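Asks: Residue numbering for the sequence shown follows the numbering used here, starting at -12 and increasing by one per position. Glycine included, every Cβ here is placed at the ideal spot set by N, Cα and C. These numbers come from a predicted model, not from an experiment.
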Amino acid sequence: MGDSIQFVLNDQPVAVADVSPMTTLLDWLREHRGLKGTKEGCAEGDCGACTVVLELADGRREPINACIALLGQIDGAAVRTVEGLRGPEGAPHPVQLAMAEADATQCGFCTPGFVMSAYAFAAGGEAPELDTIHDALAGNLCRCTGYRPIVQAMAAIARLPIEPPARPQPRSASASFGAFHAPRSLSELLALREAHPDALLLAGATDLGLLASRSRKPPAILIHVAHVPELRMLQDGSNSVTIGAAVPYAEALPLLVAHFPALKSYLSRLGSRQIRTMGTLGGNIGTASPIGDMPPVLIALEASLSLASRRGTRRIPLEEFFVGYRKTALDADEVIASITLPKLRPHEVFFCDKLSKRRDQDISTVAAGYRLGLRDGKIEDVRVGFGGMAAMSKRARQVEQALKGEVFSAIAFEAAAAAVAEDFQPIDDWRGSAAYRLQAAANLLRRLYWRIAEPGSTVEVEAL
Ligand SMILES: Cc1cc2nc3c(=O)[nH]c(=O)nc-3n(C[C@H](O)[C@H](O)[C@H](O)COP(=O)(O)OP(=O)(O)OC[C@H]3O[C@@H](n4cnc5c(N)ncnc54)[C@H](O)[C@@H]3O)c2cc1C
Ligand code: FES
Ligand code: FES
-12 MGDSIQFVLN DQPVAVADVS PMTTLLDWLR EHRGLKGTKE GCAEGDCGAC TVVLELADGR
48 REPINACIAL LGQIDGAAVR TVEGLRGPEG APHPVQLAMA EADATQCGFC TPGFVMSAYA
108 FAAGGEAPEL DTIHDALAGN LCRCTGYRPI VQAMAAIARL PIEPPARPQP RSASASFGAF
168 HAPRSLSELL ALREAHPDAL LLAGATDLGL LASRSRKPPA ILIHVAHVPE LRMLQDGSNS
228 VTIGAAVPYA EALPLLVAHF PALKSYLSRL GSRQIRTMGT LGGNIGTASP IGDMPPVLIA
288 LEASLSLASR RGTRRIPLEE FFVGYRKTAL DADEVIASIT LPKLRPHEVF FCDKLSKRRD
348 QDISTVAAGY RLGLRDGKIE DVRVGFGGMA AMSKRARQVE QALKGEVFSA IAFEAAAAAV
408 AEDFQPIDDW RGSAAYRLQA AANLLRRLYW RIAEPGSTVE VEAL
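The structure is reproduced here in structure tokens:
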């Protein structure tokens, strides 16, 4: 049977031995533990009704979607649900009081999820600014109250002194919960990968978790990569930045934004805080979706991957990793270990764009990344990556050719916009027609020109 899954729940240690590790945390809380405060709305990470808070070893408290987190992933963690919030002498918690005082609840179904997002926000000590509040609430939907009073409650609880977090009890040795393997070193991970070619690798489960929640067909064998130190490294080298494949977005963000500032607003639109607490770059690349947000941007940034197996490690440019619709160059015994990005040189600029139906919580219809070397009024070098335009994210070679070596001018970018149709023959789907995608990509290139030519002069339209 294997080890029991051990974690801290609302300050109390818990050991679970008789439940499948592929059970969602939400199902376990509600059906096995009787904690019905955490709700199921969409069962796919979108509505936030299932939000609980992870209390991390470094003291951070981050919201997650319990509906797509698997029980095996929670081993060694500390989790707080709405039942674990208590005020002094049996009174409601101050966050709950603030919601009640602002009339921020009506039918109440979404409220525990909002309360937990608000709790994480208050504990983070962030300023009560509208942008920050909206960002903290982007992963929660309410269909009857209206958001104004909820935002008001959030402003009231910002920087509220919050009790210290529970301490997680991470395990140091590898564990196996039946068919859920959780290695603690790269060599163990690679041995497991070789021994179980049919197993799926699991990082944050913000893609794979949907098999257990929405589809109710959890994977048969999983290898959880999230505790392997080599896949959790962050390295700020002299000429490059390296990010372990299993580093969650929330942890990678400061390093990425320090070197590529345009990623700040771009990443704030990748899912929600709940998704960014768990989701990883390795998972975004591993899933090989043609509309994943990061591949086009990373291709423009000349990212390379380190792929590890027991045979050794090889490095491959990201643009060569995608070989077809959801097909990659990863061998059956390999894992993505890390992603390396060369830093921008002094004459280089980097921008990125995402068009989606909603600002938050929506994968892109078209996404683009651009890295340009500008010197003496000329476009010395250029890399452009697009997603949502083909069966996989890829470089726009004709667009690049139209720009490279040209004088930096509106005329050059008009030629680049015209070249989009030579690079791509996108498909029609419910996110956008082929004609829309071609027009949008061309317009993004025109906007790029104005952004560089007259910074501050253009409206930064983020969702069209
Ligand atoms: C509500 C919601 C909103 C979302 N919004 C966005 C969005 O705005 N933009 C976007 O791009 N995505 C979005 N996603 C998708 C998802 O969050 C991302 O793709 C995320 O980066 C996946 O990372 P993960 O660690 O959770 O991957 P997982 O679900 O753990 O794994 C995804 C895939 O990658 C493989 N994999 C994981 N790690 C490795 C590794 N080290 N080596 C090889 N293969 C590996 C897995 O086997 C699996 O096939 C959203 C998902 C949800 C549920
Ligand atoms: S139930 Fe909707 S996000 Fe989990
Ligand atoms: S209060 Fe009814 S859904 Fe939010």
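From Asn271, Glu88, Arg201 and Ala249, pick the residue whose C-alpha is nearest to that of Phe337; which is it?
Replies: Within the sequence shown, the letter at position 350 stands for residue 337. That would be Ala249, whose Cα lies nearest to the Cα of Phe337.
Asks: Terminal residues of the continuous alpha helix (DSSP H) containing Glu387?
Replies: Within the sequence shown, the letter at position 400 stands for residue 387. Arg384 to Leu390 is the extent of the alpha helix (DSSP H) around Glu387.
Asks: Is the segment 244 to 264 touching the segment 345 to 356, taking contact as three or more C-beta pairs under 8 Å?
Replies: Enough Cβ pairs lie closer than 8 Å, so yes.
Asks: State the start and end residues of the unbroken beta strand (DSSP E) segment that holds Tyr236.
Replies: Walking along the sequence shown from the start, residue 236 turns up at place 249. Unbroken run through Tyr236 is the alpha helix (DSSP H), Tyr236 to His246; no beta strand (DSSP E).
Asks: Any residue with its Cβ nearer than 7 Å to a heavy atom of ligand 3 should be included. What is that list in chain order?
Replies: So the residues near ligand 3 by this Cβ test are Thr92, Gln93, Cys94, Gly95, Phe96, Cys97, Thr98, Cys129, Arg130, Cys131 and Thr132.
Asks: Could you tell me how far apart the beta carbons of Ala143 and Ala56 are, in whole angstroms, since I believe they sit closer than 8 Å?
Replies: What you label residue 143 is simply residue 156 of the sequence shown in a count that begins at 1. What you label residue 56 is simply residue 69 of the sequence shown in a count that begins at 1. No, Ala143 and Ala56 are not in contact; Cβ-Cβ is about 29 Å, not under 8 Å.
Asks: On the criterion of 16 or more Cβ atoms from any shown chain inside 10 Å, does Ala422 qualify as buried, or is it exposed?
Replies: For the purposes of this step, residue 422 is identified with residue 435 of the sequence shown, where counting begins at 1. Looking at its Cβ environment, which holds fewer than 16 other Cβ atoms inside 10 Å, Ala422 is exposed.
Asks: By alpha-carbon positions, which one of Asp280, Leu58, Ser163 and Gln388 ends up nearest to Ala192?
Replies: Within the sequence shown, numbered from 1, the residue matching residue 192 stands at position 205. Considering only alpha carbons, the answer is Leu58.
Asks: Mapping the DSSP letters down to three states, classify Asp118 as helix, strand or coil.
Replies: For the purposes of this step, residue 118 is taken as residue 131 along the sequence shown, with counting starting at 1. The answer is helix: DSSP assigns Asp118 an H, G or I state.
Asks: For Cys131, collect the residues of the same chain with a Cβ closer than 6 Å to its Cβ; drop the 5 residues on either side in sequence, then sort them by chain order.
Replies: Taking the first residue of the sequence shown as position 1, residue 131 is located at position 144. Gln93 and Cys94.
Asks: How long is the line joining the alpha carbons of Ala319 and Ala213, rounded to whole angstroms?
Replies: As a first step, residue 319 is located in the sequence shown; it is residue number 332 there, counting from the start. As a first step, residue 213 is located in the sequence shown; it is residue number 226 there, counting from the start. Their backbone Cα atoms lie some 19 Å apart in a straight line.
Asks: Indicate the three-state DSSP secondary structure (helix, strand or coil) for Gly374 in the structure shown.
Replies: Residue numbering aside, residue 374 sits at position 387 when the sequence shown is read from its first letter. Strand.
Asks: What do you get for Ala207, buried or exposed, if any count of 16 or more other CB atoms within 10 angstroms of its CB means buried?
Replies: Residue numbering aside, residue 207 sits at position 220 when the sequence shown is read from its first letter. The residue in question, Ala207, is exposed, as its Cβ has fewer than 16 Cβ neighbours within 10 Å.
Asks: Tell me the start and end of each unbroken beta strand (DSSP E) in the segment 273 to 350 that is at least 3 residues and wholly inside, in chain order.
Replies: Listed in chain order, they are 291 to 296, 299 to 304, 309 to 311, 322 to 329 and 335 to 342.
Asks: Please state whether DSSP places Phe395 in a helix, a strand or coil.
Replies: As a first step, residue 395 must be located in the sequence shown, where it is residue number 408. Correct three-state label for Phe395: coil.
Asks: In the structure shown, what three-state DSSP assignment does Gln(-1) receive?
Replies: Translated into the one-based positions of the sequence shown, residue -1 becomes position 12. Gln(-1): strand per DSSP, three-state reduction.
Asks: Give me the residue from Ala287, Leu432, Pro157 and Ser(-9) with the minimum Cα distance to Leu331.
Replies: One-based indexing of the sequence shown puts residue 331 at position 344. Ranking Ala287, Leu432, Pro157 and Ser(-9) by Cα distance to Leu331 puts Ala287 first.
Asks: Using 8 Å as the cut-off, can you tell me whether the segment 143 to 158 makes contact with the segment 196 to 204, which would need three or more C-beta pairs spanning the two stretches below that distance?
Replies: No, the segment 143 to 158 does not touch the segment 196 to 204.
Asks: Taking 6 Å as the limit between beta carbons, can you name the residues of its chain near Asp5, skipping five residues before and five after?
Replies: In the sequence shown, counting from the first residue as 1, residue 5 sits at position 18. Excluding positions up to five away in sequence, the list is empty.
Asks: Could you pull the DSSP bridge partners for His168 from this structure?
Replies: As a first step, residue 168 is located in the sequence shown; it is residue number 181 there, counting from the start. DSSP lists Ser163 and Ile210 as partners of His168.
Asks: I need the DSSP call for Ser225, collapsed to helix, strand or coil.
Replies: Here the question's residue 225 lines up with position 238 in the sequence shown. If DSSP states are grouped into helix, strand and coil, Ser225 belongs with coil.
Asks: Just mark Gly74 as buried or exposed, buried being the case when its beta carbon has 16 or more other beta carbons within 10 Å.
Replies: Here residue 74 corresponds to residue number 87 of the sequence shown, with the count starting at 1. Classification for Gly74: exposed.
Asks: With a Cβ-Cβ cutoff of 9 Å, do Lys26 and Gly100 count as a contact?
Replies: Position 39 of the sequence shown, counted from the start, is the residue given in the question as residue 26. Position 113 of the sequence shown, counted from the start, is the residue given in the question as residue 100. Against a cut-off of 9 Å, the Cβ pair of Gly100 and Lys26 comes out as a contact.
Asks: Rounded to the nearest angstrom, what separates Arg345 and Arg20 at their Cα positions?
Replies: Within the sequence shown, the letter at position 358 stands for residue 345. Within the sequence shown, the letter at position 33 stands for residue 20. Each residue's alpha carbon lies about 35 Å from the other.
Asks: Is the distance from the Cβ of Leu242 to the Cβ of Leu268 below 9 Å?
Replies: Here residue 242 corresponds to residue number 255 of the sequence shown, with the count starting at 1. Here residue 268 corresponds to residue number 281 of the sequence shown, with the count starting at 1. No, the Cβ-Cβ distance between Leu242 and Leu268 is not below 9 Å.
Asks: With a CB to CB cut of under 7 Å and the five nearest residues on each side skipped, what residues in its chain are close to Gly46?
Replies: Taking the first residue of the sequence shown as position 1, residue 46 is located at position 59. Pro152, listed in sequence order.
Asks: Just list the beta strand (DSSP E) runs in the segment 172 to 197, keeping only unbroken ones of 3 residues or longer that don't cross its boundaries, in chain order.
Replies: Qualifying beta strand (DSSP E) stretches, in chain order: 187 to 189.
Asks: May I have all residues whose beta carbon comes closer than 6 Å to any heavy atom of ligand 2, sorted in chain order?
Replies: Any residue whose Cβ sits closer than 6 Å to a heavy atom of ligand 2 makes the list: Glu27, Gly28, Cys29, Ala30, Gly32, Asp33, Cys34, Gly35, Ala36, Cys37, Asn52 and Cys54.
Asks: Taking Tyr436 and Phe400 to be in contact with their CB atoms under 8 Å, please state how far apart those CB atoms are, rounded to whole angstroms.
Replies: Translated into the one-based positions of the sequence shown, residue 436 becomes position 449. Translated into the one-based positions of the sequence shown, residue 400 becomes position 413. About 4 Å; that satisfies the 8 Å criterion.
Asks: Given this structure, state the Cα-to-Cα distance separating Pro329 from Ser276, to the nearest angstrom.
Replies: Here residue 329 refers to the residue found at position 342 when the sequence shown is read from its first residue. Here residue 276 refers to the residue found at position 289 when the sequence shown is read from its first residue. So the alpha carbons of these two residues sit roughly 24 Å apart.
Asks: Let me know if Lys204 comes out buried or exposed under the rule of 16 or more other beta-carbons within 10 Å of its beta-carbon.
Replies: Working through the sequence shown from its first residue, we reach residue 204 at position 217. Counting Cβ neighbours within 10 Å, Lys204 comes out exposed, since fewer than 16 surround it.
Asks: Whole angstroms are fine: how far does the CA of Thr300 sit from the CA of Glu307?
Replies: Indexing the sequence shown from 1 puts residue 307 at position 320. Indexing the sequence shown from 1 puts residue 300 at position 313. One C-alpha to the other measures close to 16 Å.
Asks: From which residue to which residue does the beta strand (DSSP E) around Thr267 run?
Replies: Your numbering for residue 267 matches position 280 in the sequence shown. No beta strand (DSSP E) holds Thr267; DSSP gives it neither H nor E.
Asks: Are Leu176 and Leu209 touching if we call contact CB-CB under 9 Å?
Replies: Against the sequence shown, residue 176 aligns to sequence position 189. Against the sequence shown, residue 209 aligns to sequence position 222. Contact flag unset, no.
Asks: Got a sec: does ligand 1 put a non-hydrogen atom nearer than 8 Å to the Cβ of Ser225?
Replies: In the sequence shown, the residue the question calls residue 225 occupies position 238. No.
Asks: Flag Ala237 as yes when its Cβ comes closer than 8 Å to any non-hydrogen atom of ligand 1, and as no otherwise.
Replies: Position 250 of the sequence shown holds residue 237. Outside the cutoff, so no.
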